[in-house]
Amino acid sequence: MMTINEGRAMSSPVVRSRKVPKRNSMRLAAALLAAVASFVAGPSAGLAAAPQRHDQVPGFYRLKVGDLEVTALFDGTGAFDPHWLNGTRATIDGVVNALHEDPHMLDVADTSFLVNTGKQLILVDAGAGTWWGGGAFGRLAGSLRSAGYTPEEVDIVLVTHLHSDHVGGLTTQDGKRVFPNADVYVAKPESDFWLSPEIAGKAPKDAQPFFQSAQAIAAPYIKAGKWHTFGGSEPIVDGLQLVPLPGHTPGHTGYEFSSKGQKILFWGDIVHALRVQLQHPEVTAIFDIDQTAAAATRLQLLPKLAREGVLVAGPHMNFPAVGRLRKEGSGYSWAPVVFTDRWDEK
Ligand SMILES: [Zn+2]
Ligand SMILES: [Zn+2]
27 MMTINEGRAM SSPVVRSRKV PKRNSMRLAA ALLAAVASFV AGPSAGLAAA PQRHDQVPGF
87 YRLKVGDLEV TALFDGTGAF DPHWLNGTRA TIDGVVNALH EDPHMLDVAD TSFLVNTGKQ
147 LILVDAGAGT WWGGGAFGRL AGSLRSAGYT PEEVDIVLVT HLHSDHVGGL TTQDGKRVFP
207 NADVYVAKPE SDFWLSPEIA GKAPKDAQPF FQSAQAIAAP YIKAGKWHTF GGSEPIVDGL
267 QLVPLPGHTP GHTGYEFSSK GQKILFWGDI VHALRVQLQH PEVTAIFDID QTAAAATRLQ
327 LLPKLAREGV LVAGPHMNFP AVGRLRKEGS GYSWAPVVFT DRWDEK
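In my numbering, the protein residues as written are 27 to 372.
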C-alpha cells in the first residue's frame, strides 16, 4: 500500500540527481505528488488505505480437562484501584510509583467459566451483569451464545461468593432470572451472611450496596426454589470437590473438577491484582472481609497449586483467565494458557 509520504520519499532522489533548479524541483515534485495522488485515488482499489477494524473476536475460549469441556466466558474489563490493596507501606508505595511508568499494571478482567461434563452444563460464577462496574461488564450472556450455548441450557450455577462481580449476571435489574432452568449452589455461610437483614443492618454504609445487590440477585432464584446452599462436602456433581477458601468472604469457596487425572480449580477471588499479589501473596484487598484469613488462605494455597501444576481458572486474571502458577523468587508467576484456534485433545 502506498501513501503520499512514500511517494514523496521516492520522488526526491530522482529530482535531485538531475540537478534541476530548486524552484523547478519543487514544481516537479508537486507534479509527481499529484500523479501519485491520482494513482492512489484511481481505479486501483487495492492501493486504497484499509479502514481500521475495531471489532474483536467473540469472548470465549475453550479447553479440554480430561473429558470436560471448559469454556472461559468474557464478561468485561476494568482497572483495580491501588487504594483497594492492603500491604506494607513499602509494597503499596511501590505499586503506586510503578503505576506511573506502567499504567496497565492493575488492569483486570471479569471472566466466568462453563463446564460441560457431557451430562450437565455448569456455569461457575456469572460475571457482573449490570450490578457492578457502570456498564463496563455484562457481556457474559453474549459470550455464552457466541460459544454455542443458550442461558436456558445451563443446568447448574456454582457460585464462589456473592459479590456482585461474580453473581450479577444471574439476574436482570428488573428481577428476572437470566438462567431460568439453573439450580444455583452457594456455601451456606455465604448465603446466610449476605442475605441476612440483621447483618446488613449493622454493616457500614460502604458495604450496603454489596448486601442490597446480593439480596436482589438471589431473590428470584429463592422464589423459584432454585437457590441451594451447601454446608460441607456434599456431592453436587460427579468429579467435583468443594474447596473452602475462607477470608475474602465468609463462605468463599473454590470448585475443583477432576477428570481422567487432570484437575482444574475455579478459585474465585484468591487473586485480584495478579501482578501484585502473586509476588506478594500477603497483600490483601479491602473487599476481603477477614484480612488475616484471606492472606493465610492465599499463602497456603499458592505453593500447593504451583507444586502440583494445577490448572487454575481465576476470574480476574487476564482473559482467558486460565493458567498455572510457577514459583518465582519469593513469590509466583502466572503461566497463562496459550491461545490456539483448535480443540486441543491433549
Ligand atoms: Zn469478591
Ligand atoms: Zn471478584
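By construction, the Cβ of each residue, glycine as well, lies at the ideal position given by its N, Cα and C atoms. The model shown is predicted, which means the values in this text are computed figures rather than measured ones.
For residue 380, count neighbouring Cβ atoms within 10 angstroms of its own Cβ and tell me buried if that reaches 16, exposed if not. Residue 380 lies beyond the stretch modelled for the chain, which goes from 27 to 372, so this question has no answer here.
Contact under 7 Å by Cβ, residue 339 with residue 279: On the sequence shown, position 313 is the one that residue 339 refers to. On the sequence shown, position 253 is the one that residue 279 refers to. It is not a contact, given that the beta carbons lie outside the stated cut-off.
Does the distance from the CB of residue 277 to the CB of residue 314 come in under 7 Å? As a working mapping, residue 277 is identified with position 251 in the sequence shown. As a working mapping, residue 314 is identified with position 288 in the sequence shown. No, these two residues do not count as a Cβ contact at 7 Å.
Sequence-distant residues of its chain with Cβ nearer than 6 Å to residue 84 (five each side left out): One-based indexing of the sequence shown puts residue 84 at position 58. Contacts found: 172.
Look up residue 270 in the DSSP assignment and say whether it is helix, strand or coil. As a first step, residue 270 must be located in the sequence shown, where it is residue number 244. Here residue 270 sits in strand by DSSP.
Rounded distance between the beta-carbons of residue 239 and residue 110, thought under 8 Å: Counted from its first residue, the sequence shown places residue 110 at position 84. Counted from its first residue, the sequence shown places residue 239 at position 213. Not a contact, Cβ separation roughly 18 Å.
Residue span of the beta strand (DSSP E) that contains residue 87, given as start and end: Here residue 87 corresponds to residue number 61 of the sequence shown, with the count starting at 1. Segment 86 to 91, the beta strand (DSSP E) holding residue 87.
For residue 62, which of helix, strand or coil comes out of DSSP? Along the sequence shown, read from residue 1 onward, the residue named residue 62 stands at position 36. Residue placement at residue 62 is flagged as unreliable, the pLDDT there being 49, under the threshold of 50; the coordinate-derived value follows with that caveat. Helix, per DSSP.
Can we count residue 342 as close to ligand 1, meaning its CB is less than 6 Å from some heavy atom? Walking along the sequence shown from the start, residue 342 turns up at place 316. False, no ligand heavy atom lies under 6 Å from that Cβ.
Does DSSP put residue 112 in a helix, in a strand, or in coil? Along the sequence shown, one-based indexing puts residue 112 at 86. Note: residue 112 maps to strand in three-state DSSP.
Where residue 228 falls: helix, strand or coil (DSSP): For this step, residue 228 is matched to residue 202 along the sequence shown. Correct three-state label for residue 228: helix.
With H, G and I counted as helix, E and B as strand and the rest as coil, what does DSSP make of residue 362? Here residue 362 refers to the residue found at position 336 of the sequence shown. If DSSP states are grouped into helix, strand and coil, residue 362 belongs with the strands.
Relative to the C-alpha of residue 330, which candidate in 363, 295, 291 has its C-alpha closest? Reading the sequence shown from its first residue, position 304 is the one you call residue 330. The shortest C-alpha separation from residue 330 is found at 291.
Count the C-beta pairs between the stretch 84 to 101 and the stretch 126 to 143 that are closer than 8 Å, then say yes if the count reaches three, no if not. yes
So does the stretch 223 to 239 actually touch the stretch 106 to 126, counting three or more Cβ pairs closer than 8 Å? no
Whole-number beta carbon distance between residue 140 and residue 132, since they are thought to touch under 8 Å: Working through the sequence shown from its first residue, we reach residue 132 at position 106. Working through the sequence shown from its first residue, we reach residue 140 at position 114. With a Cβ gap of about 27 Å, residue 132 and residue 140 do not count as contacting.
Between residue 366 and residue 275, what straight-line distance do the alpha-carbon atoms span, to the nearest angstrom? As a working note, residue 366 is residue 340 in the sequence shown. As a working note, residue 275 is residue 249 in the sequence shown. If I take the Cα positions, the gap works out to 35 Å.
Beta-ladder partner(s) of residue 349, from DSSP: Walking along the sequence shown from the start, residue 349 turns up at place 323. Answer by DSSP bridge pairing, in chain order: 338, 362.
Around ligand 2, Cβ to any heavy atom closer than 5 Å, ordered along the chain: 191, 295
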